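Everything on this sheet refers to the single structure shown next.
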Amino acid sequence: MLKPILEVLHGAGWSAEDSSSSSGLNNVPVGMGQALCICSRGSITIDNKKYYFVQKLDEGGFSYVDLVEGAKDGQFYALKRILCHDRQARQEAQTEVEMHQMFNHPNILSLVAYAFSDSGGKTEAWLLLPYVRKGTLWSVLEKLRDKGSSLPENQILKIFRGICSGLKTIHDKGYAHRDLKPTNVLLDEEDRPVLMDLGSMNRARIEVRGSREAMTIQDWAAQRCTISYRAPELFNVESHCIIDERTDIWSLGCVLYCMMMLEGPYDLIFQKGDSVALAVQNPVTIPSTCSYSNGLQMLLSSIMVSNPQERPGIGWVLDQVQDLQSRSPNTQTNMTLDSFANTN
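So the sequence shown is numbered by my numbering: it starts at 589 and just counts up by one.
Right, dumping it as structure tokens:
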């Protein structure tokens, strides 16, 4: 019973029952280039192209992101290195590569090149990605909060529309992101949002058949879906239900709330050590001090519905955003977040 659900979760043929088989790795390509080396001078070669290390950008539990520069083109790139500690981790890294390759959309981060390195019994996956200089949506919101500023509504709608556009493309392909949050949204110099970190993506529709599968999905969500942006149905997965792409809609609502209030709706609850699982069962509370239009507040309330069956799809959300944009009283659409922050 577990094999089908885990195949859906990981987007590939690996499961707990067949993890001892090597067949899952036989079909994993070396990469776009057959050679990957780390040279003593601080450079790497992927697909016969050399890249120089510049500096570390970020690191997580089993991954690192470095800024690298192309030796020939002089362009900057972000190199994501994933430490694959077992067969499952390697398959998950391969699935992340495949997710990037599936999409060609301005609001979804593209993949420049990739390769796998096997050395000394250890495997690393290398993903060469475009470098988006401005950073994440969260880093920009933090700067605004530190300045005592807030986002004008038209800027919120502009960014949110781009996020919705990228998410709709993912959903239209039959997949779900599963870890949408401000730190997984990059902003370019024109404030165009770009969805990144596709490592938690899987098939949008997951049929749960029994308590064992429910617990498997719940445990997976606890590891891969950020708690303060996790949909209510993923905290206590029912034994017989359908989990679908509307988990992303909930997370999308949390992102919208964060753009409006400069903090997530459940960030403080998590920081205090209180139960987020309990808090998400109640309607989201919009502070009385909120100065945004009734239309935007109503959109937020319509998205953040605890019952997934009553939650709208991404197409409806995108239509509402476009309608709000057409009625937005603020016409300063050419002002970027940086220029706005500098005026306050």
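C-beta atoms are modelled at their ideal positions from N, C-alpha and C, and glycine is treated no differently.
Keep in mind it's a predicted model, so treat the numbers as computed, not measured.
Would you give the residue range spanned by the beta strand (DSSP E) that residue i belongs to?
i: residue 672; result: 664-672
i: residue 651; result: 651-658
i: residue 783; result: 781-783
i: residue 555; result: Since the first residue shown for the chain is 589 and the last is 932, residue 555 is missing from the structure and cannot be characterised.
i: residue 850; result: It is not in any beta strand (DSSP E) - residue 850 carries neither H nor E in the DSSP assignment.
i: residue 643; result: 637-647
i: residue 828; result: 828-831
i: residue 633; result: 631-634
i: residue 774; result: 773-775
Take residue i and list the residues in its own chain whose beta-carbon comes closer than 6 angstroms to its own, dropping the five residues that flank it on each side.
i: residue 614; result: In this prediction, residue 614 scores a pLDDT of 34, lower than 50, which makes its location untrustworthy; the coordinate-derived value is nonetheless stated afterwards. Closer than 6 angstroms at the Cβ level, and outside the excluded window around residue 614, lies no residue.
i: residue 650; result: 671
i: residue 874; result: 885
i: residue 744; result: 847
i: residue 829; result: 796
i: residue 823; result: 865
Answer yes or no: do residue i and residue j have a C-beta to C-beta separation smaller than 9 angstroms?
i: residue 699; j: residue 716; result: yes
i: residue 690; j: residue 787; result: no
i: residue 902; j: residue 746; result: no
i: residue 909; j: residue 793; result: no
i: residue 906; j: residue 753; result: yes
i: residue 803; j: residue 825; result: yes
i: residue 841; j: residue 864; result: no
i: residue 777; j: residue 722; result: yes
i: residue 683; j: residue 726; result: no
i: residue 894; j: residue 857; result: no
i: residue 820; j: residue 695; result: no
i: residue 724; j: residue 773; result: yes
Report all residues from its chain with a CB closer than 7 angstroms to the CB of residue i; omit the five preceding and five following residues, and keep chain order.
i: residue 814; result: 767 and 769
i: residue 681; result: 670, 672 and 713
i: residue 812; result: 766, 767 and 788
i: residue 655; result: 642, 643, 645, 664, 666 and 719
i: residue 818; result: 809
i: residue 761; result: 690
i: residue 867; result: 854 and 857
Ends of the alpha helix (DSSP H) at residue i?
i: residue 686; result: 675-690
i: residue 806; result: 799-812
i: residue 889; result: 882-891
How is residue i classed by DSSP in three states: helix, strand or coil?
i: residue 725; result: helix
i: residue 695; result: coil
i: residue 704; result: strand
i: residue 759; result: helix
i: residue 860; result: helix
i: residue 710; result: strand
i: residue 716; result: strand
i: residue 751; result: helix
i: residue 894; result: coil
i: residue 915; result: helix
i: residue 815; result: helix
i: residue 792; result: coil
i: residue 768; result: coil
i: residue 824; result: coil
i: residue 661; result: coil
Hey, out of the options, whose CA is closest to residue i's CA?
i: residue 653; options: 812, 633, 785 and 793; result: 785
i: residue 660; options: 640, 771 and 721; result: 640
i: residue 808; options: 685, 631, 676 and 665; result: 676
i: residue 739; options: 887, 878 and 870; result: 878
i: residue 679; options: 805, 890, 899 and 790; result: 790
i: residue 844; options: 889, 823 and 822; result: 889
i: residue 693; options: 783, 801, 728 and 869; result: 783
i: residue 763; options: 730, 831 and 729; result: 831
i: residue 775; options: 729, 707, 838 and 806; result: 729
Among the residues of its own chain, which have a CB less than 8 angstroms from the CB of residue i, if the five just before and after it don't count?
i: residue 733; result: 850 and 851
i: residue 759; result: 792, 833, 836, 901 and 902
i: residue 882; result: none
Are there any heavy atoms of the ligand ADP lying less than 8 angstroms away from the beta-carbon of residue i, as far as the coordinates show?
i: residue 659; result: Summarising the ligand content, the structure contains no ligands, and the ligand ADP is consequently not present.
Could one say the Cβ of residue i lies closer than 9 angstroms to chain B's Cβ atoms, at least one of them?
i: residue 672; result: The structure shown has no chain B; it contains just one protein chain.
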